[in-house]
Amino acid sequence: MAPQQSAGTRRRLHPGAAPLLLGAAGIAGATLLHFVDPNEPGHYPTCPWLLVTGTWCPGCGTMRAIHALTNLDVVGAVQMNALMTAIAPLVAYSYFRWLYRSFRPAPPGTAPKRAVHPAWLYLFLAVLLAFWLVRNLPFGAFLAPG
-3 MAPQQSAGTR RRLHPGAAPL LLGAAGIAGA TLLHFVDPNE PGHYPTCPWL
47 LVTGTWCPGC GTMRAIHALT NLDVVGAVQM NALMTAIAPL VAYSYFRWLY
97 RSFRPAPPGT APKRAVHPAW LYLFLAVLLA FWLVRNLPFG AFLAPG
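Going by my numbering, the first residue of the sequence shown is number -3, and it counts up by one from there.
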């Protein structure tokens, strides 16, 4: 039987391990999308939401948009998923801020800063729901992928 360890003596991963692993997974996914074109039929499964309901979800077109971005085609990325393309710089900024803070933690005795104010999360949720609704209405067809 293995000896019991108390919570204080348990080995932990470095705080930078999570952002580094997530970054590596993101780079691997973007590389896959760069070389295996999602515009070609049969390479990736159909979106489950689209398959069941016949309507676009907010993420529909994201793989094709990332493929376009890895080929430096910003206009093509916007045509595939305008919301993802618009928030990509914010996601990149948030990731690098998280990565920086994981290697430069708050000084002892101070509370770490909150990553995002809750009001921004509610705003993002409202924008996401509006995008989801509008891209499925006749006057919002320009937001549909493709």
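All C-beta atoms, glycine included, are put in the ideal place defined by N, C-alpha and C.
Three-state secondary structure assigned by DSSP to Y40: coil
Measuring straight from C-alpha to C-alpha, what distance separates V112 and H63? A direct Cα-to-Cα measurement between V112 and H63 gives close to 28 Å.
Look up G25 in the DSSP assignment and say whether it is helix, strand or coil. helix
Through-space distance from T58 to V70, alpha-carbon basis: 13 Å
Measuring CB to CB, does W128 end up less than 7 Å from P44? no
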